[in-house]
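Notes follow the structure.
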């Protein structure tokens with residue numbers, strides 16, 4: 252555990268003394284490690300806030316790989332016979 256005077260220096264009224272104390276603590280962390288300076292049980296309190304990598308979009312299938320329909324819709328396979336004759340189209344009306 253670190254020296255008690257360093258911990259008291261963080262709570263002082265003098266801003267310059269607090270700044271110097273925090274600077275000393277930062278140097279001690281880089282030299283001794285966080286466990287020696289802070290002591291006690293330490294845990295990860297902050298995590299990486301970056302969003303997760305986006306998932307790749309599914310690739311569209313080319314048109315030649317589409318499944319074939321078993322039967323057409325709407326009766327396209329049946330041939331309708333033209334039973335009506337439109338003779339009036341053949342006649343020209345003169346006005």
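In the numbering used here, the protein residues as written are 252 to 346. The beta-carbon is built from N, C-alpha and C at its ideal position, and this holds for glycine as well.
Query	Result
For residue 270, three-class secondary structure by DSSP	helix
Beta-carbon proximity of residue 382 to residue 286, cut-off 8 Å	The chain is shown from 252 up to 346; residue 382 falls before or after that span and cannot be answered.
Within 8 Å, strictly: CB atoms of residue 283 and residue 272	no
Selected residue, minimal CA-CA separation from residue 289, among 299, 276, 300, 301	276
Coil, strand or helix - residue 255 by DSSP	helix
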